[in-house]
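**Q**
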Amino acid sequence: MKRKVILIFSICFIIFMTVLCIYYLVKGDSSRWQVALGGILVSTLPLLLLRMKQIPFNIPILLGFYFFIFCSLFLGSIASFYLHYKWWDSTVHFYKGMFIGFVGIALYKQMIPEKVRQDVSSGILFLFVLSLAVLAGILWEVYEFVGDLTFTRTMQRGGNTDTMYDLLCGVAGGLIVAFYSLIRKKKV
147 MKRKVILIFS ICFIIFMTVL CIYYLVKGDS SRWQVALGGI LVSTLPLLLL RMKQIPFNIP
207 ILLGFYFFIF CSLFLGSIAS FYLHYKWWDS TVHFYKGMFI GFVGIALYKQ MIPEKVRQDV
267 SSGILFLFVL SLAVLAGILW EVYEFVGDLT FTRTMQRGGN TDTMYDLLCG VAGGLIVAFY
327 SLIRKKKV
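Letter 53 of the sequence shown, counting from 1, is numbered 199 in my numbering, and no numbers are missing.
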């Protein structure tokens, strides 16, 4: 089932972003066709999971990935939600922090055998989940910074203030999932 979800959503997103890329390329909108091209590339990433014998992520996490790229690339950049709704950027970063936190829980379950998990401190799981969310936020801000230096000049409109709000929102999302993992460790 996971393989079908990955194939269906990847193909749909690739087609969707390809149509947008061609449309904006013909229209001469360089900012939007570049975002759509990035969307094509990002949509292919889950296909790499198909090479694995056992896919480490459950279907809600896979769907959460596509939801994130839809909200950030299409709604945020192409449909200009980042410009029209001041709260959109912070909301996407908050969601990303939560999403990566759940990815951290999935990785924990994949990497730590079930017999050993009971011996792992709940604080270690908390720190792992939070650290992964924080790292993802930092890497995203580096991506925005490099993107502004080389291509668009629109990703960090607010400069340092925008970066700090983004990081704080990502940390807040990660903290919520980290506390969830702390409380629910036995079931995680």
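Heads up, the beta-carbon is just placed ideally off N, CA and C, and yes, glycines get one too.
As the structure is a computational prediction, the values presented were derived from the model and not from experiment.
Could you tell me if Gly316 is buried or exposed, where buried requires 16 or more neighbouring beta carbons within 10 angstroms of its beta carbon?
**A** As a first step, residue 316 is located in the sequence shown; it is residue number 170 there, counting from the start. Buried, since its Cβ has 16 or more Cβ neighbours within 10 Å.
**Q** Would Pro202 pass as a contact of Phe248 if the rule is Cβ separation under 9 Å?
**A** Within the sequence shown, residue 202 is the residue found at index 56, counting from 1. Within the sequence shown, residue 248 is the residue found at index 102, counting from 1. No, Cβ-Cβ distance for Pro202 and Phe248 is not below 9 Å.
**Q** Going by DSSP, what residue range makes up the alpha helix (DSSP H) through Phe213?
**A** Position 67 of the sequence shown, counted from the start, is the residue given in the question as residue 213. Here the alpha helix (DSSP H) through Phe213 covers Ile205 to Ile215.
**Q** Between His230 and Gly210, what straight-line distance do the alpha-carbon atoms span, to the nearest angstrom?
**A** One-based indexing of the sequence shown puts residue 230 at position 84. One-based indexing of the sequence shown puts residue 210 at position 64. Each residue's alpha carbon lies about 24 Å from the other.
**Q** Mind checking whether Leu314 and Ile284 have CB atoms under 9 Å apart?
**A** By one-based count along the sequence shown, residue 314 stands at place 168. By one-based count along the sequence shown, residue 284 stands at place 138. Not a contact, by the Cβ cut-off of 9 Å.
**Q** Measure the CB-CB distance between Phe272 and Ser327 and report whether it falls below 9 Å.
**A** To locate residue 272, count along the sequence shown from 1; it is residue 126. To locate residue 327, count along the sequence shown from 1; it is residue 181. For Phe272 and Ser327, yes; Cβs fall inside 9 Å.
**Q** Three or more C-beta pairs under 8 Å: does that hold for the region 256-268 against the region 216-225?
**A** No, the region 256-268 does not touch the region 216-225.
**Q** So is Tyr212 buried or exposed if we call it buried at 16+ other beta carbons inside 10 Å?
**A** Stepping through the sequence shown from its first residue, residue 212 is reached at position 66. Tyr212 is buried by the Cβ-count criterion.
**Q** Among Phe214, Arg149, Phe155 and Val151, which one has its Cα closest to the Cα of Gly339?
**A** There is no way to answer for residue 339, as the model of the chain reaches only from 147 to 334.
**Q** Taking the Cβ atom as the reference point for each residue, do Glu287 and Thr307 lie within a distance shorter than 9 Å?
**A** What you label residue 287 is simply residue 141 of the sequence shown in a count that begins at 1. What you label residue 307 is simply residue 161 of the sequence shown in a count that begins at 1. Not in contact: Glu287 and Thr307 (Cβ atoms no closer than 9 Å).
**Q** Starting from the C-beta of Leu166, find all residues in its chain whose C-beta is less than 6 Å away, skip the five residues before and the five after it, and write them out in chain order.
**A** Numbered from its first residue, the sequence shown carries residue 166 at position 20. Contacts found: Ala182.
**Q** Helix, strand or coil for Arg330 per DSSP?
**A** The sequence position of residue 330 within the sequence shown is 184, counting from 1. Note: Arg330 maps to coil in three-state DSSP.
**Q** Taking the alpha-carbon of Leu193 as reference, which of Leu153, Met147, Phe220 and Ile168 has the nearest alpha-carbon?
**A** If you number the sequence shown from 1, residue 193 lands on position 47. Among Leu153, Met147, Phe220 and Ile168, the Cα nearest to that of Leu193 is on Leu153.
**Q** In the DSSP assignment, the alpha helix (DSSP H) including Met163 goes from what residue to what residue?
**A** Here residue 163 refers to the residue found at position 17 when the sequence shown is read from its first residue. Note, Met163: alpha helix (DSSP H), Lys148 to Lys173.
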